[in-house]
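Participant: There's a structure below that I have some questions on.
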Amino acid sequence: MKSKHQVFSYTELLNITDNFKTIIGEGGFGKVYLGTLQDQTQVAVKRLSPSSAQGYKEFKSEAQLLTMVHHRNLVSLIGYCNEDEIKALVYEYMANGNLKELLL
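330 is the number of the first residue of the sequence shown in our numbering; add one for each residue after it.
The following block contains the structure:
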C-alpha cells in the first residue's frame, strides 16, 4: 500500500495504544482501539484480526478508498501498519462515536 500517509510500525502501535488496552469498537475487520500520538492527538486504531470475517483484500480496499476521499463529514485516515501479519489503520478519533450510534 503506497500513500502519503504515515507508516507505523507494530512497536509504534503498541506505544500509541498502550498495548491495545482500550477497545472503543468492534466490526467485521476486528477491534478498534483508542490511541494517543506523541503530539497528544487522539486516534482510533483499527486492527485486522487474523480470524476476520472480512479479509485483507477488503481491508486494503478500505484503506485505498480513504486515501483518495477527503470530506469534512468523513473520518480521516492518518496512516497504517502493514508489518508481517500485523495490519492496522490509524484514523483521527471522533469523540462523539460513530454514525450508527448517533442514528439510534
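We put the CB at the ideal spot given by N, CA and C, even for glycine.
1. According to DSSP, which residues form a beta bridge with Tyr-409?
2. Report the rounded CA-to-CA distance for Leu-377 versus Phe-388, giving the unit in angstroms.
3. Could you spell out where the beta strand (DSSP E) holding Lys-375 opens and where it closes?
4. Hey, out of Gln-367, Gly-359 and Met-423, whose CA is closest to Asp-347's CA?
5. What residue does the alpha helix (DSSP H) around Leu-395 start on, and which one ends it?
6. Going by alpha carbons, who is nearest to His-334 out of Asp-413, Gln-393 and Tyr-362?
7. When we look at the beta-carbon of Ile-352 and count the other beta-carbons within 10 Å, is it buried (16 or more) or exposed?
8. Going by C-alpha to C-alpha distance, which of Asn-402, Ser-380, Gly-356 and Asn-344 sits closest to Gly-364?
9. If you run the structure through DSSP and keep just helix, strand and coil, what is Leu-363?
Facilitator: On the basis of the data shown:
1. Val-336 and Leu-418
2. 7 Å
3. 371 to 376
4. Gln-367
5. 385 to 397
6. Gln-393
7. exposed
8. Asn-344
9. strand
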